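As you go down the protein sequences, you meet chains A and B in turn.
Okay, so the first sequence: first residue is 0 according to numbering that gives the first Met the number 0, each after it adds one.
Okay, so the second sequence: first residue is 0 according to numbering that gives the first Met the number 0, each after it adds one.
Glycine included, C-beta positions come from ideal geometry on N, C-alpha and C.
Keep in mind it's a predicted model, so treat the numbers as computed, not measured.
2 protein chains.
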Amino acid sequence: MLPESPFYQNSLQTLQQSPLCKGLNRKLLEDMMQLFTRRCWGKGTRLSEQQSKSYFHIILHGRLKLTRMHPETGRAITLWLIGPGDGYDIISLLDGEEHDIMPVVLDEVETLTTRADIARKWITDHPEFNRCFLPYIGEQMRRLEDLSTNLALHDTITRLARLILQYVDLKKNSPPTNKYPVHLINDFSHETLACMVGSVRTVINRHLQQLKKDGIVDFHRGHLTVKNLEQLALQAGQFLHRKQLDKK
Amino acid sequence: MLPESPFYQNSLQTLQQSPLCKGLNRKLLEDMMQLFTRRCWGKGTRLSEQQSKSYFHIILHGRLKLTRMHPETGRAITLWLIGPGDGYDIISLLDGEEHDIMPVVLDEVETLTTRADIARKWITDHPEFNRCFLPYIGEQMRRLEDLSTNLALHDTITRLARLILQYVDLKKNSPPTNKYPVHLINDFSHETLACMVGSVRTVINRHLQQLKKDGIVDFHRGHLTVKNLEQLALQAGQFLHRKQLDKK
DNA sequence: GGAGTTCTGTAACCTGGGTAGCAGAATCCG
DNA sequence: CGGATTCTGCTACCCAGGTTACAGAACTCC
C-alpha cells in the first residue's frame, strides 16, 4: 500500500495499535505497509482455502470467526474470533500448510492483505519484527490453552462467564445505565456464543437466563451487557485463587 | 556445549532429528550448540517456575508433561506431553512471560539448556532458524487446536482412540505378536491417560476394557499396544471423512 | 406492510460420564 | 521378603447437559 492511498493513514494507525506491531519503529512499519494491499469482504463472504494458506491478512475492521464442525452431529466449536488488529491466518503463515478450519465473515471486513510467502520472507528479513511477532504468537497459544483448560475442567456456566469476562470492557461504564459494555461478542446469538464455549443454544439460553435473574448480565436480542462485574468474575471462578482460604 | 564434551555428538545428533532443527545446515547447528549446557532431571524433580520462564530447554531424552488442575475438584488436564526433540517452554520463550502450568518430570530427563533471553537473541540474530522454528510453532498450535476440538466435539472413547492413534507406531509391527507398539504413552496409568483426554480414571478404564473386548487394543499394567489399527482408526472417527457417503 | 426468517424462551426426556466406594493385583523399596 | 503403595477392575448411583419439540418475539427484505 502506497502512502498516497486515502486509506494509508488510517491503516497505519490501526497497525500501530495492533499487538502485532505495537511499539515498532515508524520506519519498519512503513516498510511493512508496502507489502500490503487493502481488501474488503462483505458479511457472509465465502473465503476459499487459498485465502488461509496463500495469503496473510491483518484485520483493520470487522470480525471473522474460525470454526470446526463435527461431521455427523453438526456441532461446532469456534477456535478463533478474529477482530481489528489480529492476523489471519497465523498458523498457515507459520508453517505454510493449509489450516483445517472454516472461516466465517461476521461483518463487513477490511484487511491489509499480502501473499503469505512474501510475509514470511519479510519476517525473516526483518528480525526486529520478532519483538512483537513472537509475543503475539505466545498470546495466541495461551488463548488456545485456556480454551482447552476451560473445556476440560469447567462446567458450561463457568465457561460462559469466562467468555463474557474476556470481552467485557472494564474501563468504560455507560453513564446512563451503569452497565459494562461487551465488545466483539455483544451482538452474538445464543447459538454463536454456544459454539465459543463448546455447548449448544438451549444450554446457553438456560444459563444466560440464570445470570440475568441473578442480576449479573442483561440482554435482549443482539445486545449483551454486564451489570455486576464482581459477580460475573465470581461465576467465572476468577477470584477463587485469592479466596481459596475463605472457602465457604 | 563444547565439541570436546563426551555428550556433544549424541546431542548434536538428537538435535538434527528434532523438528526444531531438522534440515538446518551443520554450521548453524554447531553455532546453536554453543548456547547450551547439558542438564539432567530425575523422575519427579520439582521444576521451579524459573525453569519455565528464564530458561529454554530442548529435550534430548525422557518425558515431561505440562498439566493444569482445577483448584477445587483436583481434576487435571495435560496440555503438553514433551519428549525427545521438543522445546520447553516454548510459550515463555515466545513472550518472556511466566507460563501458568505445572511441569511434571515423568522419567530421567536429559536436556540442552540455555537462558531464555539468550535463546531469543540467538533466534533474532539467526533468521535462517525461522525455517524450522516457525513451522514447529505452527505444529504446536495445531495440536492445541486439535485438543480443543476433540474436547468440545467428541465423546470420551473417541478422544481416547485419537490419543492412542496419535502415538501408535504405524511402521513397526512387533514380529512375535503382530501388534503395533505405542510410544511415549505406552506405560501411562489410566489416570494419566485420563488427564490427557480431559476425563477420569474409571471412565478411561471402562473404555479401555471395551476396546480390549473389541480386540482393538491389548494392555496390562504399564504396557499398551494396538492390535487392530483399522478398527482403532474407525473408533477415532478418522475415516469418517472418506466414508461419509456410506453412512449407515 | 406483510411474509419469511431468525432468534429467544421453555419444557420433557434421556444418557454419557462423573463420583464414591470397595477389592484384588502388581510393583516398589527398605 | 514383606509391608506399603499404586494401579486396575468393577459397581451403583446421580446429574449436567444435550436432543427434540413447540411457540412467540424480533428482525429482514421485497
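Asked	Found
Which listed residue (B:V202, B:D124, B:L152) has its alpha carbon closest to that of A235 (chain B)	B:L152
Neighbour flag for T66 (chain B) against chain A, beta carbons, 8 Å	no
Nearest-angstrom Cβ-Cβ length linking R67 (chain A) and L78 (chain A), presumed shorter than 8 Å	6 Å
Residues in the region 91 to 102 of chain B having any Cβ partner in chain A nearer than 9 Å	S91, L92, L93, D94, G95, E96, H98, D99, I100
Helix, strand or coil at L133 (chain A) according to DSSP, with G and I counted as helix	helix
8 Å Cβ cut-off: residues of chain A touching H69 (chain B)	L152, H153
Host beta strand (DSSP E) of H206 (chain A) (start-end)	Unbroken run through H206 (chain A) is the alpha helix (DSSP H), 200 to 212; no beta strand (DSSP E).
Unbroken beta strand (DSSP E) run spanning M0 (chain B), endpoints	Note, M0 (chain B): premise wrong, no beta strand (DSSP E); not H, not E.
Integer Cβ distance of T155 (chain B) from P83 (chain B), believed to fall under 8 Å	Not a contact, Cβ separation roughly 29 Å.
Contact residues within the region 186 to 210 of chain A, judged by C-beta distance below 7 Å to chain B	G197
Cutoff 7 Å; reference V103 (chain B); Cβ partners in own chain excluding five residues on either side	L63, K64, T66
Buried/exposed call for D245 (chain B), threshold 16 Cβ in 10 Å	Because D245 (chain B) carries a pLDDT of 32, less than 50, the predicted location of this residue cannot be relied on, and no value is offered for it.
C-beta neighbour in chain A for T113 (chain B), strict 8 Å	no
Candidates A:Q8, A:L23, A:I122: closest to R114 (chain A) by CA position	A:I122
Distance between E190 (chain A) and Y7 (chain A) (C-alpha atoms, nearest Å)	37 Å
Beta-carbon spacing of A118 (chain B), L92 (chain B) below 8 Å	yes
Within chain A, the residues that P18 (chain B) reaches when beta carbons sit closer than 8 Å	Those within 8 Å of P18 (chain B) in chain A number zero; the least Cβ separation is about 10 Å.
Any C-beta of chain B under 8 Å from that of L143 (chain A)	yes
Cα-Cα separation, E144 (chain B) to R25 (chain A)	34 Å
Among B:L223, B:T157, B:R220, B:V196, the one whose alpha carbon lies nearest that of D230 (chain B)	In the sequence as presented, Asp is not what sits at residue 230 (chain B); that position holds Gln. Among B:L223, B:T157, B:R220, B:V196, the Cα nearest to that of Q230 (chain B) belongs to B:T157.
Buried/exposed call for N149 (chain B), threshold 16 Cβ in 10 Å	buried
Partner residues on chain B for N129 (chain A), Cβ-Cβ distance less than 8 Å	R119, I122, T123
Within-8 Å CB hit, S10 (chain A) to chain B	no
Same chain only: Cβ atoms within 6 Å of N204 (chain B), ignoring 5 sequence neighbours per side	H189
Neighbour list for P134 (chain B) in chain A, Cβ cutoff strictly below 9 Å	L93, D94, G95, E96
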